[in-house]
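Colleague: Sharing a structure below in structure tokens format, with a few things to ask.
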Amino acid sequence: MADNERDAGQGTGPETGPETRPETRPETGPETGPESGPGRRDVAAMRQSYAGGGLAETDLAGDPFTQFGRWFADAVEAGLSEPNAMILATAGSDGAPSARMVLLKEVDLEDAEEAGFVFYTHALSRKGAELAANPRAALLFPWHPLERQVRVEGPVVPVPAQETADYFATRPRGSQLGAWASEQSAVIAGRDSLDRAWAAAAERFPEGTPVSVPPGWGGFRVVAASVEFWQGRVSRLHDRLRYRRT
Numbered sequence: 127m128a129d130n131e132r133d134a135g136q137g138t139g140p141e142t143g144p145e146t147r148p149e150t151r152p153e154t155g156p157e158t159g160p161e162s163g164p165g166r167r168d169v170a171a172m173r174q175s176y177a178g179g180g181l182a183e184t185d186l187a188g189d190p191f192t193q194f195g196r197w198f199a200d201a202v203e204a205g206l207s208e209p210n211a212m213i214l215a216t217a218g219s220d221g222a223p224s225a226r227m228v229l230l231k232e233v234d235l236e237d238a239e240e241a242g243f244v245f246y247t248h249a250l251s252r253k254g255a256e257l258a259a260n261p262r263a264a265l266l267f268p269w270h271p272l273e274r275q276v277r278v279e280g281p282v283v284p285v286p287a288q289e290t291a292d293y294f295a296t297r298p299r300g301s302q303l304g305a306w307a308s309e310q311s312a313v314i315a316g317r318d319s320l321d322r323a324w325a326a327a328a329e330r331f332p333e334g335t336p337v338s339v340p341p342g343w344g345g346f347r348v349v350a351a352s353v354e355f356w357q358g359r360v361s362r363l364h365d366r367l368r369y370r371r372t
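See the structure below:
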């Protein structure tokens with residue numbers, strides 16, 4: 127990573143420091159419109175003005191991973207629920223996009239050859255199939271209470287098997303069994319069939335015995351080709367500063 131650049135335009139994300147939480151102020155506008163019934167909100171009139179602070183080039187770290195670490199620490203300190211939750215967008219060979227929320231499980235260091243952001247899933251899931259057909263993805267960290275967001279884009283590579291096994295061993299036992307029971311993205315007969323599959327996995331791996339990694343389950347690393355830090359500003363004149371790999 128080397129250069130960073132500023133984009134003008136819309137976007138949602140404060141660089142006022144980790145000690146303070148920026149105040150979010152509602153802009154003027156009716157909560158109900160002429161076509162809205164009692165208690166129903168007019169969606170078009172719902173908006174907030176971001177007044178927490180700004181983000182300048184001089185505020186940024188020399189690399190995006192250090193900068194991400196700073197903002198992530200702020201999100202944790204602010205008490206955000208699941209600050210490692212991120213939206214993952216993929217597209218298959220037909221180009222049709224899909225998005226879902228996943229959890230960040232690792233951030234590589236800047237000097238790694240394929241430095242990026244790691245998540246885990248099953249290869250037979252929709253996202254796994256789409257990444258097999260089109261190994262590129264975009265991530266979004268929506269830290270709304272801090273009026274910040276981080277966007278990541280780049281190619282995707284599989285996590286080595288040993289790295290996957292090391293991570294899988296740290297998961298709670300219930301989550302390990304769930305990985306065996308759940309056929310991600312597949313249609314099932316009902317909740318009962320899922321519960322039975324979990325019970326079968328629990329019987330296969332009795333309490334006190336290690337649970338192995340299910341076939342096809344593993345990690346993906348989104349190699350950071352670009353990382354954008356977004357800071358909300360008043361009048362929708364948001365700050366967007368982006369690092370690009372050169």
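First residue of the sequence shown: 127, per the numbering used here; consecutive thereafter. Just so it is clear, CB atoms sit at the ideal spot from N, CA and C, and this is done for glycine as well. Computed from a predicted structure; not experimentally measured.
Sort 332, 168, 336 and 208 by Cα distance to residue 268 and report the nearest one.
Modeller: 208
Colleague: Between residue 342 and residue 249, which are expected to be in contact by the criterion C-beta below 8 Å, what is the C-beta distance as a whole number of angstroms?
Modeller: Indeed, because the Cβ distance is near 4 Å, the residues count as touching under 8 Å.
Colleague: Could you round the C-beta distance between residue 347 and residue 283 to whole angstroms and report it? I think they count as a contact, below 8 Å.
Modeller: 5 Å
Colleague: Which first and last residues belong to the beta strand (DSSP E) in which residue 290 is found?
Modeller: Counting along the chain, no beta strand (DSSP E) covers residue 290; the unbroken alpha helix (DSSP H) around it starts and ends at 287 to 294.
Colleague: Pick helix, strand or coil for residue 330, following the three-state DSSP scheme.
Modeller: Note: residue 330 maps to helix in three-state DSSP.
Colleague: Going by C-alpha to C-alpha distance, which of 274, 265, 210 and 310 sits closest to residue 366?
Modeller: The candidate whose alpha carbon is nearest that of residue 366 is 274.
Colleague: DSSP has residue 211 in a bridge; who is on the other side?
Modeller: 229
Colleague: By how many angstroms is the C-alpha of residue 187 removed from the C-alpha of residue 195?
Modeller: It is roughly 10 Å from the alpha-carbon of residue 195 to the alpha-carbon of residue 187.
Colleague: Using 10 angstroms around the beta-carbon of residue 298, count the other beta-carbons present and answer buried if the total reaches 16, otherwise exposed.
Modeller: exposed
Colleague: Suppose contacts are defined by Cβ-Cβ distances below 9 Å. Is residue 279 in contact with residue 264 by that definition?
Modeller: Yes.
Colleague: Cβ of residue 233 within 9 Å of Cβ of residue 354?
Modeller: Annotated as distal: residue 233 and residue 354, with beta-carbon spacing of 9 Å or more.
Colleague: Which of the three DSSP states, helix, strand or coil, is assigned to residue 300?
Modeller: helix
Colleague: Name the residue from 357, 356, 350 and 364 whose alpha carbon lies nearest to the alpha carbon of residue 372.
Modeller: When each option's Cα is compared against that of residue 372, the closest is 350.
Colleague: Is the distance from the Cβ of residue 305 to the Cβ of residue 339 below 9 Å?
Modeller: When the beta-carbon positions are compared, residue 305 and residue 339 come within less than 9 Å of each other.
Colleague: State buried or exposed for residue 285, treating a residue as buried only when at least 16 other CB atoms are found within 10 Å of its CB.
Modeller: buried
Colleague: With a 10 Å radius around its C-beta and 16 neighbouring C-beta atoms as the bar for buried, classify residue 212 as buried or exposed.
Modeller: buried
Colleague: Starting from residue 192, trace the alpha helix (DSSP H) both ways and give me its first and last residue.
Modeller: 190 to 203
Colleague: Whole angstroms are fine: how far does the CA of residue 176 sit from the CA of residue 223?
Modeller: 29 Å
Colleague: Compare the C-alpha of residue 352 against each of 302, 243, 181 and 198 and name the closest.
Modeller: Here the closest residue by C-alpha is 243.
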